[in-house]
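Notes to accompany the following structure.
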Amino acid sequence: MTGTVDITQQLGAARAGDAAALDALFPIVYDELKRLARSELARERAGHTLQPTALVHEAYLRLVVQQVEGWSGRAYFFSLAASMMRRILVNHARDRAAQKRGSGVAPVTLSQAEGLADGALDVVELHEALEELARLDVRQARVVELKFFGGLEIEEIAEVIGVSSATVRRDWTMARLWLGRELSA
Numbered sequence: 210m211t212g213t214v215d216i217t218q219q220l221g222a223a224r225a226g227d228a229a230a231l232d233a234l235f236p237i238v239y240d241e242l243k244r245l246a247r248s249e250l251a252r253e254r255a256g257h258t259l260q261p262t263a264l265v266h267e268a269y270l271r272l273v274v275q276q277v278e279g280w281s282g283r284a285y286f287f288s289l290a291a292s293m294m295r296r297i298l299v300n301h302a303r304d305r306a307a308q309k310r311g312s313g314v315a316p317v318t319l320s321q322a323e324g325l326a327d328g329a330l331d332v333v334e335l336h337e338a339l340e341e342l343a344r345l346d347v348r349q350a351r352v353v354e355l356k357f358f359g360g361l362e363i364e365e366i367a368e369v370i371g372v373s374s375a376t377v378r379r380d381w382t383m384a385r386l387w388l389g390r391e392l393s394a
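Just remember that our numbering sits 209 ahead of the position in the sequence shown, which is counted from 1.
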């Protein structure tokens, strides 16, 4: 609980305009961000050129240049970090695909992707499917992003998006089914 309090206090100080709070925040959140980065990269193809440390630093740098007024707590901060990591990976994958068309990456369903350890997830295809889901149901897309990319628990997701845990569970189930159909097509 101390880590949560420290993060929340540092975020509050940063919102209040304390620039030193952002400097103090990085060491506090670094291990969790690194865990998120490892999780993201584990879903990627073998031999990925981005390393977890580089992904953490890039995501954090992009986060701190954004407005911090909306940073309301730990769960919200990590959901933003997960979104930022996802964007970085998608951009990286698109850049790589532009350099080398037809990389031979086989499509993977979302349920298969959950169990990948050495991964071959086509992050661009998943990103495009999530964008399509967001056009149909923004909340379900946000739940997938926070659960799958952010590693947040159901209760944390409920807190971030302001709905009940039961609603998050329903959205997660429906979104997985929809994405599974889209990614296997």
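Glycine is no exception: its CB is placed at the ideal position from the N, C-alpha and C atoms.
Taking the alpha-carbon positions, what's the residue 248 to residue 305 distance? For the purposes of this step, residue 248 is identified with residue 39 of the sequence shown, where counting begins at 1. For the purposes of this step, residue 305 is identified with residue 96 of the sequence shown, where counting begins at 1. Each residue's alpha carbon lies about 20 Å from the other.
If I measure Cβ to Cβ from residue 297 and keep anything under 7 Å in the same chain, skipping five residues before and after, which residues do I get? Along the sequence shown, one-based indexing puts residue 297 at 88. So the qualifying residues of the chain are 264, 267 and 268.
Which same chain residues end up closer than 8 Å to residue 354 when comparing Cβ atoms and leaving out the 5 residues on each side of it in sequence? Here residue 354 refers to the residue found at position 145 when the sequence shown is read from its first residue. These residues qualify, in order along the chain: 288, 291, 292, 295 and 339.
Helix, strand or coil: how does DSSP classify residue 372 here? Taking the sequence shown and counting its residues from 1, one reaches residue 372 at position 163. Reduced to three states, the DSSP call for residue 372 is coil.
For the candidate residues 336, 273, 349 and 245, whose alpha-carbon lies nearest to that of residue 228? Position 19 of the sequence shown holds residue 228. Measuring C-alpha to C-alpha distances from residue 228 to each of 336, 273, 349 and 245 identifies 273 as the nearest.
Just tell me which of 301, 349 and 361 has its CA closest to the CA of residue 384. As a working mapping, residue 384 is identified with position 175 in the sequence shown. The shortest C-alpha separation from residue 384 is found at 349.
Is residue 345 buried or exposed, if buried means 16 or more other CB atoms sit within 10 Å of its CB? In the sequence shown, residue 345 corresponds to position 136, counting from 1. Answer is exposed; the Cβ neighbour count stays below 16.
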